[in-house]
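First comes the structure, then the notes that go with it.
Number of protein chains: 2
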Amino acid sequence: MKTLEDVGEVGIVKWLIETFPTESPDIILGNGHDAAVVSIPDKVALKTDTLVVSEMLSGVGYSDVGWKAIVACISDLAAIGAKPLFCTLSFSSPRSLRFSRFKQIFMGVKEALTYCKTRFVGGDLSESHDIVITVNAAGSAPNPVPRTGGKPGDYIAVSRPFGLEPLGLRHLLGKITLDENLAKLSTSSFLRPVPEVDYGQRLASLAGVHACTDSSDSLSISLSNMLGGKLDAHLIRLPAHPSIEGLGPGVVEDLVLNGGEEYALVYAYDPRYDRALVKSLSKIRRSRMVIGRLSEGRGRIFVRTPAGEKIVIPAGWRQFQSR
Amino acid sequence: MKTLEDVGEVGIVKWLIETFPTESPDIILGNGHDAAVVSIPDKVALKTDTLVVSEMLSGVGYSDVGWKAIVACISDLAAIGAKPLFCTLSFSSPRSLRFSRFKQIFMGVKEALTYCKTRFVGGDLSESHDIVITVNAAGSAPNPVPRTGGKPGDYIAVSRPFGLEPLGLRHLLGKITLDENLAKLSTSSFLRPVPEVDYGQRLASLAGVHACTDSSDSLSISLSNMLGGKLDAHLIRLPAHPSIEGLGPGVVEDLVLNGGEEYALVYAYDPRYDRALVKSLSKIRRSRMVIGRLSEGRGRIFVRTPAGEKIVIPAGWRQFQSR
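Right, here's the structure in full:
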């Protein structure tokens, strides 16, 4: 079994250039030059996102790792309403990594890039103890949507229901036992999340959409980020995925609010634009799911319960902290 | 002594946003949104470059690491003649890293970005065993210079002499003993290399410049890349830095051809443009150092010696290979 050391940098780069051809009228310099040069109409959106794999979880394939690295980055472009166009990628790993696994990772990268209509235009290889994949996406952003532009009275909505993806992760970690169907569904949602590229661009094209963010760290963290300490969120419902409703209210609430890994969009818009929004989203066979409203405030999130509103402490994925 | 775990992601991000303010008319969305949005005139140059620090070499400061991560990336934009404008950065490290060291790294980043007139517009934090810094630079490239555009008859030139930077590295590794002055000079050249941003743009503005690359992996590898298997290089001289000439011809030749770490430019141009080139470079008080000529061929590098031409086997920095 050949390792990266056996194949060597020159051989690896050769495989990458063959796997990711860069001939296109809008790619002026592609792979094989010191830097890439591309045409990007309008304002330029830039995002970098890193996936570190210190240990492969049982049930996760190497191609899933490549898919996820791309989706995590592109999802942030989707959140500001940009159209992703190009990406570069830095890959670091031990030299003992099997070349077949390296190729699987990059086949996942290729699948995700094809799904997102984004072209690979360059990369960098390094050695490290973990597998570290940094994806840098660039796109066109004629009408970028900020994260903190919400206004009092705005509806808070999400692009799709929550909870399946973190359930899949908990299942893979052995923290919860599920029936076979739900195990399969949640695991595949976790392993192959889908970024809201078209949805985000629809939102950005409407002036009434004031704020948007993706939910990869968790719904409560996304909301908290969106509030920016200057607004409060009043949730009238939790956007739970129908498949998880049988898990019991405590588990569901935790998964939906604090689970993360969803890459769904969380956004705020002027209710007067509701009809225009529904119409625009119907063209991509999607809809909005209103979950609450913004008010003036100081960054608090309230959830309606039979006993009245209760406050939510944001929780989810934070770097550099014990879990 | 506080670690990244003590400060936490929220505290770290707060420090970063304060340290790298992003208010500027050409930054539409800066730090604090899901992605950055910027204005880039003309074609867009993109480059990603990763620095992995598995172990800190004695004599290397954390701010030097930050400086180098930026310079290594910006140097590649310089090589295609782009003007660097913006960068994003992914930073991974153990959570046990001292916050003071993290701040030193980013002060080095800031110094280098100021030197390169490049603005930080966003980043990402992750946990990993090594310190892994991926810098993604974006710039404007009205006249990009490819790596492999050289033509038979072109002069081969370099932007500055070679050998000091790799000598500094060898000194830090304890592989060579130097007198105090040379130790100081070579170490500082290695720790604080300078990218050829203005020089690269001067080259790109002249139609007679056909190919350019930076020399971070070594002069011989840079030349080999430039030849693309279709040209030969005939060197009439080695561009040795005057300070290293006392080290003996074998050491000098090895440092200059195979040392690497220089971030000087290696380029090919039509001799008829020599006068225009000299004139253009004089405006930034620089000159070209012609070291040889291209001919038709198959990727070989020849060096003139008293006994005739001898062939050079490209050597230098390759990833995933034992050293």
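Each protein sequence line maps, in turn, to chains W and C.
Those letters in the first sequence? Residues 1 to 323, by the numbering used here.
Those letters in the second sequence? Residues 1001 to 1323, by the numbering used here.
By construction, the Cβ of each residue, glycine as well, lies at the ideal position given by its N, Cα and C atoms.
Let me check understanding here. Comparing Cα to Cα, which of the options lies closest to residue i?
{"i": "glutamate 1309 of chain C", "options": "C:Ser1188, C:Leu1235, C:Ala1211, C:Leu1169", "result": "C:Leu1235"}
{"i": "leucine 1016 of chain C", "options": "C:Val1044, C:Phe1091, C:Ser1024", "result": "C:Phe1091"}
{"i": "serine 100 of chain W", "options": "W:Arg119, W:His129, W:Val7, W:Ser128", "result": "W:Val7"}
{"i": "glycine 1297 of chain C", "options": "C:Val1303, C:Glu1245, C:Leu1227", "result": "C:Leu1227"}
{"i": "aspartate 24 of chain W", "options": "W:Val37, W:Val13, W:Val266", "result": "Correcting the residue type first, residue 24 of chain W is serine in the shown sequence and not aspartate. Out of W:Val37, W:Val13, W:Val266, W:Val37 has the C-alpha closest to the C-alpha of serine 24 of chain W."}
{"i": "alanine 35 of chain W", "options": "W:Thr22, W:Pro166, W:Cys73", "result": "W:Thr22"}
{"i": "alanine 207 of chain W", "options": "W:Asp42, W:Gly250, W:Ser140, W:Pro146", "result": "W:Pro146"}
{"i": "glutamate 1261 of chain C", "options": "C:Ala1082, C:Val1252, C:Trp1317, C:Ser1093", "result": "C:Trp1317"}
{"i": "valine 290 of chain W", "options": "W:Ala82, W:Ile105, W:Tyr155, W:Ser140", "result": "W:Tyr155"}
{"i": "glutamine 319 of chain W", "options": "W:Ile221, W:Ser188, W:Cys87", "result": "W:Ile221"}
{"i": "asparagine 1136 of chain C", "options": "W:Gly122, W:Val197, W:Glu5", "result": "W:Gly122"}
{"i": "glycine 1153 of chain C", "options": "C:Tyr1269, C:Pro1306, C:Ile1027", "result": "C:Tyr1269"}
{"i": "valine 1109 of chain C", "options": "C:Pro1306, C:Ile1133, C:Gly1299", "result": "C:Ile1133"}
{"i": "serine 1216 of chain C", "options": "C:Ile1012, C:Leu1167, C:Leu1231, C:Asp1076", "result": "C:Asp1076"}
{"i": "valine 53 of chain W", "options": "C:Thr1177, C:Asp1130, C:Ala1045", "result": "C:Asp1130"}
{"i": "arginine 1119 of chain C", "options": "C:Thr1148, C:Gly1011, C:Gly1030", "result": "C:Gly1030"}
{"i": "isoleucine 284 of chain W", "options": "W:Gly149, W:Asp198, W:Ile27", "result": "W:Asp198"}
{"i": "leucine 1238 of chain C", "options": "C:Arg1202, C:Ile1176, C:Arg1160", "result": "C:Arg1160"}
{"i": "leucine 265 of chain W", "options": "W:Ile40, W:Leu223, W:Phe302", "result": "W:Leu223"}
{"i": "alanine 1141 of chain C", "options": "C:Gly1081, C:Trp1067, C:Leu1089, C:Leu1167", "result": "C:Gly1081"}
{"i": "glutamate 127 of chain W", "options": "W:Gly299, W:Gly259, W:Leu4, W:Leu255", "result": "W:Leu4"}
{"i": "arginine 1272 of chain C", "options": "C:Lys1151, C:Pro1166, C:Ala1315, C:Asp1124", "result": "C:Lys1151"}
{"i": "alanine 1045 of chain C", "options": "C:Arg1286, C:Lys1083, C:Trp1067, C:Val1209", "result": "C:Lys1083"}
{"i": "serine 218 of chain W", "options": "W:Val194, W:Ile27, W:Phe162", "result": "W:Phe162"}
{"i": "serine 49 of chain W", "options": "C:Gly1061, C:Ile1070, C:Thr1088", "result": "Note on identity: in this sequence residue 49 of chain W is aspartate, with serine being the wrong assignment. Nearest option by C-alpha distance: C:Thr1088."}
{"i": "lysine 325 of chain W", "options": "W:Gly200, W:Gln201, W:Pro195, W:Leu164", "result": "No statement about residue 325 of chain W is possible, as the shown extent of chain W runs from 1 to 323 and does not include it."}
{"i": "leucine 1085 of chain C", "options": "C:Ile1313, C:Gly1139, C:Pro1094", "result": "C:Gly1139"}
Name the chain C residues whose beta carbon is nearer than 8 Å to that of residue i?
{"i": "isoleucine 363 of chain W", "result": "This structure gives no information on residue 363 of chain W, because the portion of chain W shown stretches from 1 to 323."}
{"i": "alanine 82 of chain W", "result": "Ala1035, Val1037"}
{"i": "arginine 147 of chain W", "result": "Gly1032, His1033, Asp1034"}
Would DSSP call residue i helix, strand or coil?
{"i": "proline 161 of chain W", "result": "coil"}
{"i": "valine 13 of chain W", "result": "helix"}
{"i": "arginine 323 of chain W", "result": "Confidence is the limiting factor: at arginine 323 of chain W the pLDDT is only 49, short of 50, which leaves the residue's position unreliable, though a coordinate-based value still follows. Reduced to three states, the DSSP call for arginine 323 of chain W is coil."}
{"i": "tyrosine 1330 of chain C", "result": "Here chain C covers residues 1001 to 1323 and nothing more, so residue 1330 of chain C does not appear."}
{"i": "leucine 247 of chain W", "result": "helix"}
{"i": "aspartate 6 of chain W", "result": "helix"}
{"i": "isoleucine 311 of chain W", "result": "strand"}
{"i": "leucine 1029 of chain C", "result": "strand"}
{"i": "alanine 207 of chain W", "result": "coil"}
{"i": "leucine 231 of chain W", "result": "strand"}
{"i": "aspartate 214 of chain W", "result": "strand"}
Residues of chain W with a CB under 7 Å from the CB of residue i: which are they?
{"i": "glutamine 1319 of chain C", "result": "Glu9, Leu125, Ser126, Glu127"}
{"i": "alanine 1207 of chain C", "result": "Near alanine 1207 of chain C there are no residues of chain W at all, since even the closest Cβ is about 16 Å away, more than 7 Å."}
{"i": "arginine 1095 of chain C", "result": "Phe320"}
So with CB distances below 8 Å, who are the chain W contacts of residue i?
{"i": "lysine 1047 of chain C", "result": "Asp34, Ala35, Ala36, Thr88, Gly122"}
{"i": "alanine 1138 of chain C", "result": "Val44, Leu46, Ala138"}
For residue i, which residues in chain C fall below 9 Å Cβ to Cβ?
{"i": "isoleucine 40 of chain W", "result": "Ile1040, Lys1043, Val1044"}
Report the neighbours of residue i on chain C: residues whose CB is nearer than 7 Å to its CB, in chain order.
{"i": "asparagine 181 of chain W", "result": "By Cβ distance, chain C contributes nothing, its closest Cβ being about 33 Å from asparagine 181 of chain W, past 7 Å."}
{"i": "valine 132 of chain W", "result": "Ser1092, Ser1128, Val1132"}
{"i": "aspartate 333 of chain W", "result": "Lying before the first or after the last residue shown, residue 333 of chain W is absent from chain W, which here runs from 1 to 323."}
{"i": "valine 52 of chain W", "result": "Ser1092, Ser1126, Glu1127, Ser1128"}
Going by the C-beta, is residue i closer than 7 Å to any heavy atom of the ligand NAD?
{"i": "alanine 1138 of chain C", "result": "Absent from the structure shown: the ligand NAD. Ligands present: none."}
- Message: For the region 266-286 of chain W, list every residue whose C-beta sits within 8 Å of some C-beta in chain C, in sequence order.
- Response: none
- Enumerated in chain order, which unbroken segments of the beta strand (DSSP E) with a length of 3 residues or greater are wholly contained in the region 1036-1107 of chain C? 1036-1038, 1044-1053, 1083-1093
- Message: Quick check on the DSSP output: what are the complete alpha helix (DSSP H) runs of length 4 or more inside the region 1116-1201 of chain C, in order along the chain?
- Response: 1164-1172, 1180-1191
- Contact residues within the region 1207-1223 of chain C, judged by C-beta distance below 9 Å to chain W: Cys1212, Thr1213, Asp1214
- What residue ranges within the region 1267-1309 of chain C form continuous beta strand (DSSP E) runs of no fewer than 3 residues, ordered along the chain? 1289-1296, 1301-1305
- With 7 Å as the C-beta to C-beta threshold (strictly closer), list the residues of the region 153-181 of chain W near chain C in chain order. none
- Message: Along the region 59-78 of chain W, where does the CB come closer than 7 Å to a CB of chain C? Name the residues.
- Response: Asp76, Leu77
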